[in-house]
Amino acid sequence: MGVSASQREVPTDWQHAWESRARLLQGQLPAGTPVVIFGDSWAEDHSASSEGVLAGVQGWPVQLARQLGLPVVGNFARGQSSTASLQDQLQTATAESALGHSAETWGRCLVVLHSGGNDFIGAEKKYNPFAPGNFWIQHCTWGFKSKAREVISNLKLFIQSLMDLGCQRILVSEPPFTSSVPALCIAQMVGINRRGRWVREQLELMLQELRASGAAGVEIARVPEVELLDFWVSRVGKRGCVGRLFRRDLFHPSQELHGYLAQAVACMLQRPADFAASIGSSGQTLLNRASCSKDSGDKPSLTAPPEPDVVQTLQSAEAHTQ
Numbered sequence: 001m002g003v004s005a006s007q008r009e010v011p012t013d014w015q016h017a018w019e020s021r022a023r024l025l026q027g028q029l030p031a032g033t034p035v036v037i038f039g040d041s042w043a044e045d046h047s048a049s050s051e052g053v054l055a056g057v058q059g060w061p062v063q064l065a066r067q068l069g070l071p072v073v074g075n076f077a078r079g080q081s082s083t084a085s086l087q088d089q090l091q092t093a094t095a096e097s098a099l100g101h102s103a104e105t106w107g108r109c110l111v112v113l114h115s116g117g118n119d120f121i122g123a124e125k126k127y128n129p130f131a132p133g134n135f136w137i138q139h140c141t142w143g144f145k146s147k148a149r150e151v152i153s154n155l156k157l158f159i160q161s162l163m164d165l166g167c168q169r170i171l172v173s174e175p176p177f178t179s180s181v182p183a184l185c186i187a188q189m190v191g192i193n194r195r196g197r198w199v200r201e202q203l204e205l206m207l208q209e210l211r212a213s214g215a216a217g218v219e220i221a222r223v224p225e226v227e228l229l230d231f232w233v234s235r236v237g238k239r240g241c242v243g244r245l246f247r248r249d250l251f252h253p254s255q256e257l258h259g260y261l262a263q264a265v266a267c268m269l270q271r272p273a274d275f276a277a278s279i280g281s282s283g284q285t286l287l288n289r290a291s292c293s294k295d296s297g298d299k300p301s302l303t304a305p306p307e308p309d310v311v312q313t314l315q316s317a318e319a320h321t322q
């Protein structure tokens with residue numbers, strides 16, 4: 001299957017997202033950098049589970065660490081959790097793990113944060129719209145911006161807490177507000193894609209404020225998750241992605257899609273010069289070199305082997321950690 005012009009088109013704000021990534025890592029991550037993960041079910045590790053909708057699935061933050069050859073020293077993400085619960089996750093990290101409160105320890109870590117989507121659907125209170133403060137119908141419709149500002153505020157407080165502990169490298173994923181997620185297709189009726197762009201802009205403004213107020217050496221970047229999701233779904237089509245890129249609940253990514261997301265972020269972190277040049281010159285990212293072909297019938301087959309130079313980089317990172 002050929003790739004259409006619309007599929008080759010780079011999102012208009014991708015260059016801006018890349019500039020944030022470049023600021024995060026002026027050079028390479030030191031070999032053996034510890035990775036700490038916070039957030040929701042998209043960041044959990046269910047690779048050892050044999051039951052449930054997420055059985056066998058590793059969230060992309062976990063797979064990212066593996067692709068970079070870095071150890072995950074703590075994954076405190078919890079399914080159905082909201083941004084208001086992030087401080088509880090951090091308390092667990094400082095009180096019940098070897099991380100403690102040591103500024104030296106936190107200063108060596110790369111923190112990956114994925115949170116925000118559950119706030120809008122009342123997941124933490126079992127989706128009950130009648131629970132106090134959990135009228136998610138309002139959050140998803142006329143009260144969306146008010147709820148979004150609350151989410152951004154919670155994320156800001158949490159990131160500030162990380163900085164207070166001494167953390168210097170933080171990756172913050174934007175919420176997956178896009179109709180490319182099958183379960184959110186119906187949300188096009190309330191402008192999910194437009195609202196997703198607005199949330200992304202507000203998140204970036206907040207991160208810019210934290211960067212400006214932080215100590216020298218503190219680097220924070222936004223992961224352009226929506227653009228990445230849109231890209232991969234466009235490669236297989238919305239009909240073909242169910243069961244291939246998303247689990248049966250139509251919301252959570254499959255192991256395969258999490259792997260693609262991890263590969264993309266790894267490329268951004270490991271090959272900044274190549275990635276920026278590929279955007280600026282030909283409008284092609286490293287991802288665009290993946291191919292999409294037909295297997296049998298109408299089921300598309302997505303083939304995306306890592307680029308040779310990326311493989312070499314990852315192998316080099318692994319060698320340094322052995």
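Following full-length UniProt numbering, the numbering of the sequence shown begins with 1 at its first residue and continues without gaps.
Each residue gets a CB set at the ideal place from its N, CA and C atoms; glycine is no exception.
Counting along the chain, residue 204 sits inside the alpha helix (DSSP H) bounded by residues 192-213. The beta carbon of residue 262 lies closer than 7 Å to those of 60, 63, 64 and 67 in the same chain, with the five residues before and after it left out. Going by C-alpha positions, residue 235 is about 12 Å away from residue 244.
Here residue 119 is buried. Its C-beta has 16 or more other C-beta atoms within 10 Å. The beta carbon of residue 228 sits closer than 6 Å to those of 261 and 264, all from its chain and outside the five residues before and after it, given in chain order. The beta carbon of residue 107 sits closer than 8 Å to the beta carbons of 166, 167 and 168 from its chain, once the five residues preceding and following it are set aside; these are given in chain order. Beta-bridge annotation (DSSP): residue 45 is paired with 58. Residues 94 of the same chain have their beta carbon placed closer than 7 Å to that of residue 100, with the five preceding and five following residues left out of the count. Inclusion of residue 158 and residue 86 in the CB contact set at 7 Å is warranted, their separation being smaller than that value. Straight-line spacing of the CA atoms in residue 112 and residue 197 works out to 21 Å.
Given a length threshold of 4 residues, each whole run of the alpha helix (DSSP H) inside the region 233-267 is given here in chain order: 238-241. Pairing residue 203 with residue 174 gives a Cβ-Cβ distance under 7 Å. Residue 173: member of the beta strand (DSSP E) spanning 169-173, first to last residue. Per the coordinates, the alpha-carbon of residue 117 lies some 30 Å from the alpha-carbon of residue 102. Shown here for residue 156: same chain residues with a beta carbon closer than 6 Å to its own, the five before and five after excluded, namely 206 in chain order.
For residue 223, the pairing in a beta bridge is given by DSSP as 173.
When beta bridges are read from the DSSP output, residue 37 appears opposite 75 and 112. If you draw a straight line from the Cα of residue 170 to the Cα of residue 149, it comes to about 21 Å.
Comparing alpha carbon positions, the residue from 35, 232 and 160 closest to residue 215 is 160.
With fewer than 16 other beta carbons inside 10 angstroms of its own, residue 48 counts as exposed.
Per DSSP, reduced to three states, the secondary structure at residue 96 is helical. Boundaries of the alpha helix (DSSP H) harbouring residue 154: 144-165, taken from the DSSP string. Distance from the CA of residue 98 to the CA of residue 72, rounded to the nearest whole angstrom, comes to 12 Å. Taking the Cβ atoms as the reference, residue 35 lies roughly 15 Å from residue 90, outside the contact range of under 8 Å.
Between residue 247 and residue 41, the alpha-carbon positions lie close to 13 Å from each other. Between residue 77 and residue 38, the gap from beta carbon to beta carbon is short of 7 Å. DSSP, reduced to helix, strand and coil, places residue 105 within a helical segment of the structure shown. Nearest Cα to residue 75 within the set 46, 199, 144 and 50: 46.
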